[in-house]
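K.L.:
Can you read through this structure? Questions will come right after.
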Amino acid sequence: MISILDPESGIWYALCWLVVAARKKLQMDDFLVLLAMVTDTILMAFMHVVLNTSSNLIRSKRVYGSKLVLVVEQMQILTIWLIKACLLIMYNRMTVLLPQHQIVKIVAVYVALGFIVMEILYFGVWCRQFYEYWAVPRDNKQCSAAIHHLITNAVFNISSDIMIIVIPLPLLFKVKLPTKNKAILGGAFCIGTFTIIAAILNKYYSFSHPFAPDWTIWYLRESYTAILCANLPFTWPLLQRVNQYGGQSRSHNNFSQLKGTSTIGKGNTMVSIGRSDSQEHIINKSKLLNIPLQVWSWRRTRRPVLE
């Protein structure tokens, strides 16, 4: 059974909030990510209730369970499409001066139309009347198993995921980026690929075992990995700040040890001279190494101006 305390779902959920918290200078896509976390929280909470509520026994339980499944389906759709919107907004900023900018706009239109068509079909076409989704008994299989809706969802969801994941590939292979930046993009690509696999598997279990609980875990895995994929690029600045802070601390310690001293040497012999050493002491050290003392002067000259 899945709950907030379940090891896998709890770890996924905490990790998602961790990467979301790394986002700075909130913009439109940041607020959409926060909204996606709200819908994902509702999805996880209601999924736990669904697994503990039978929808196949007592009439009242069947009605209640069927309504919960409807809410779960909508929360999962909202979470996934909000993440798609966040990624496309980010791509829109990244590709303003690149040829891929027009492709981003086309994919954005496809994603929006897919969402609208899918929801119209779900609420107004596949199951008439709408209350038949939780009616007992149900004569229309589309109201109980929702096969047509699942096919429509799979087509628009998986195809748009593939389009979205392909857009940044030229940046990964053609544009000269630091290795660390490419590693972040490569990680996001791998997570995006797993998100597509999770989408395929949750539909597979929904088709093959529509009344079994196997599809639930893949619904959650798809939503969690989608959120991670959308937020992973924004964790790199946070890691840079952490590394920079650590580097500054080490540099400060090293500088503190060397501050106020200088060394002079000949061959393999080194002598340290501190700022507090007297002139006589410095001369004696120099004689010991047979290093002639030299006096350097610095003079500022003014360059003549040609009129």
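For the sequence shown, the residue numbers in UniProt numbering are 1 to 307. From the three backbone atoms N, C-alpha and C, an ideal C-beta is built for every residue, glycine too.
(1) Give a yes or no on whether the C-beta atoms belonging to Ile184 and Pro233 are separated by under 8 angstroms.
(2) Taking only the alpha-carbon atoms, compute the straight-line gap between Tyr91 and Asp161 and give it to the nearest angstrom.
(3) Let me make sure I understand the geometry here. Which of Pro170, Val63, Leu220 and Ile89 has the alpha-carbon closest to that of Pro137?
(4) In angstroms, rounded to a whole number, what distance separates the CA positions of Tyr13 and Ile116?
(5) Work out the CA separation of Gly186 and Asp29 for me, nearest whole Å.
(6) Ignoring anything shorter than 4 residues, give me the alpha helix (DSSP H) runs that lie fully in the segment 107 to 166, in order along the chain.
(7) In its own chain, which residues sit with a C-beta less than 7 angstroms from the C-beta of Ala230, not counting the 5 before and 5 after it?
(8) I'd like the span of the alpha helix (DSSP H) that includes Ala21, first residue to last.
(9) What does the alpha-carbon distance come out to for the pair Tyr122 and Pro178?
(10) Mapping the DSSP letters down to three states, classify Asn202 as helix, strand or coil.
(11) Just checking my contact of Gly192 with Ile165 at CB under 8 angstroms: how many whole Å lie between their CB atoms?
(12) Confirm, please, whether the CB-CB distance from Ile196 to Ile158 is below 8 angstroms.
(13) Buried or exposed for Lys221, going by 16 or more other Cβ atoms inside 10 Å?
(14) Using a Cβ-Cβ cutoff of less than 7 angstroms, which residues in the same chain neighbour Leu35 once the five nearest sequence positions on both sides are dropped?
(15) Pick helix, strand or coil for Asn52, following the three-state DSSP scheme.
(16) Less than 8 angstroms separating the beta-carbons of Ile80 and Ala226?
(17) Return the CA-CA distance between Thr39 and Val96, expressed in angstroms with no decimal places.
(18) Quick check: the Cα distance between Lys182 and Cys190, rounded to an integer number of angstroms?
(19) By Cβ distance below 8 angstroms, which residues in the same chain neighbour Met47 in space, the five residues on each side in sequence not counted?
(20) Report, in whole angstroms, the separation of the C-beta atoms of Leu43 and Ser223, which I expect to be a contact under 8 angstroms.
(21) With C-beta atoms as the reference, is Leu172 less than 8 angstroms away from Cys16?
P.N.:
Result, derived from the coordinates:
(1) yes
(2) 14 angstroms
(3) Val63
(4) As the crow flies, the alpha-carbon of Tyr13 is around 28 angstroms from that of Ile116.
(5) Whole-angstrom Cα-Cα distance: 21 angstroms.
(6) 141 to 144 and 147 to 166
(7) Val33, Ile83, Cys86 and Leu87
(8) Pro7 to Ala21
(9) 46 angstroms
(10) It is helical.
(11) 4 angstroms
(12) Cβ distance < 8 angstroms, so Ile158 and Ile196 count as in contact.
(13) Residue identity check: residue 221 is Arg in the sequence provided, not Lys. When all chains shown are included, Arg221 counts as buried.
(14) Answer for Leu35: Leu82, listed in chain order.
(15) coil
(16) yes
(17) When rounded, the distance between both Cα atoms is 30 angstroms.
(18) 12 angstroms
(19) Ile2, Val72, Thr216, Tyr219 and Leu220
(20) With 8 angstroms as the limit, Leu43 and Ser223 qualify as a contact, their Cβ atoms being about 6 angstroms apart.
(21) no
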